[in-house]
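Colleague: Pasting in a structure now, in structure tokens, and then I'll have a few things to ask.
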Amino acid sequence: MRKSWLLLALLLTGCNGLTPETYSLVVDSAAPSASCFNSMMDPSIVETTVPPGLMQVQVWDGPDQTSYLEVEEGGGQIDMGDAPSVAISGIFTGKKGEKGTTFTRDSVAKQTTGNAANPTVNTVTTHAEIVFERGGGTFVGTATVSSSRSCSGMGCAMNQPTCSLSGIKVSGTRIAVEYERAP
Numbered sequence: 001m002r003k004s005w006l007l008l009a010l011l012l013t014g015c016n017g018l019t020p021e022t023y024s025l026v027v028d029s030a031a032p033s034a035s036c037f038n039s040m041m042d043p044s045i046v047e048t049t050v051p052p053g054l055m056q057v058q059v060w061d062g063p064d065q066t067s068y069l070e071v072e073e074g075g076g077q078i079d080m081g082d083a084p085s086v087a088i089s090g091i092f093t094g095k096k097g098e099k100g101t102t103f104t105r106d107s108v109a110k111q112t113t114g115n116a117a118n119p120t121v122n123t124v125t126t127h128a129e130i131v132f133e134r135g136g137g138t139f140v141g142t143a144t145v146s147s148s149r150s151c152s153g154m155g156c157a158m159n160q161p162t163c164s165l166s167g168i169k170v171s172g173t174r175i176a177v178e179y180e181r182a183p
């Protein structure tokens, strides 16, 4: 009888004892620095009153002490100047650390143009990271994004800016815990 209750408790709580959680996150806006532009100077027109962005995410636990964060609503692109924009969408992979759970999403895209004798290979690399303490109530966390473009071959532009923005404020609250019964 005791084993049956233990098995039932494990089935009702899912992996690692936690069920999927839904959070609302507000991500403050961040303006790219001068190093994010080909001219190494801020553009003449800079939008400074961009409102914070609202996202709804679902977080759940997976195997090997890994968590997953899926952007369900909101998200979008973070402007990185002349460097590639960073997408805040899809699924992030998380690990628990000293300051909470760090969720990351990395992307590498390669495009080859030209002919076989003289190809040009453009590579775009982006990184997005969201850190917050999971649990009930409200919280404040941080976000970091970075992007770069590299090129090899004859058709490359001279300047390939890279950009990194860190310390972006993320505020949020857990709005739901979904208790699901395992089949």
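All residue numbers for the sequence shown refer to full-length UniProt numbering, where the first residue is 1 and numbers rise by one.
Note that the Cβ used here is the ideal one computed from N, Cα and C, for glycine as well.
Since the structure is predicted, the reported quantities are computational estimates derived from the model, not experimental observations.
Pick out the complete alpha helix (DSSP H) segments inside the stretch 48-94, 4 residues or longer, and give them in chain order.
Modeller: none
Colleague: With three or more C-beta pairs closer than 8 angstroms as the rule, is the stretch 137-152 touching the stretch 109-118?
Modeller: no
Colleague: Along the chain, where does the beta strand (DSSP E) that runs through Q160 open and close?
Modeller: Residue 160 sits at position 160 when you count from the first residue of the sequence shown. Where Q160 is concerned, there is no enclosing beta strand (DSSP E), given that its DSSP letter is neither H nor E.
Colleague: Looking at C-alpha atoms only, which residue of S67, R105, M158, Q56 is the closest neighbour of G172?
Modeller: Stepping through the sequence shown from its first residue, residue 172 is reached at position 172. Residue Q56 is the option with its Cα nearest to G172.
Colleague: Could you have a look at S35 and say whether DSSP puts it in helix, strand or coil?
Modeller: Reading the sequence shown from its first residue, position 35 is the one you call residue 35. Correct three-state label for S35: helix.
Colleague: Is the stretch 122-134 touching the stretch 82-92, taking contact as three or more C-beta pairs under 8 angstroms?
Modeller: Yes, the stretch 122-134 is in contact with the stretch 82-92.
Colleague: Near T138, what residues of its chain come up, given a Cβ to Cβ distance below 8 angstroms and the 5 sequence neighbours on each side ignored?
Modeller: Position 138 of the sequence shown, counted from the start, is the residue given in the question as residue 138. Closer than 8 angstroms at Cβ, skipping near neighbours: S171, G172, T173.
Colleague: Taking the C-alpha atoms as reference points, what is the distance between G90 and S152?
Modeller: Locating residue 90 in the sequence shown gives position 90, counting from the first residue. Locating residue 152 in the sequence shown gives position 152, counting from the first residue. One C-alpha to the other measures close to 29 angstroms.
Colleague: Starting from the C-beta of S4, find all residues in its chain whose C-beta is less than 6 angstroms away, skip the five residues before and the five after it, and write them out in chain order.
Modeller: Taking the sequence shown and counting its residues from 1, the one referred to as residue 4 is at position 4. Per-residue confidence for S4 stands at a pLDDT of 39, beneath the threshold of 50, marking its modelled position as unreliable; the derived number appears in the next sentence. Excluding positions up to five away in sequence, the list is empty.
Colleague: Taking the continuous beta strand (DSSP E) assigned at P119, which residues delimit it?
Modeller: Working through the sequence shown from its first residue, we reach residue 119 at position 119. That run of the beta strand (DSSP E) goes 119-132.
Colleague: CB-CB under 7 angstroms to V167, same chain, minus the five flanking residues each way: which ones, in chain order?
Modeller: To locate residue 167, count along the sequence shown from 1; it is residue 167. This sequence places Gly at residue 167; Val is not what is there. Around G167: T142.
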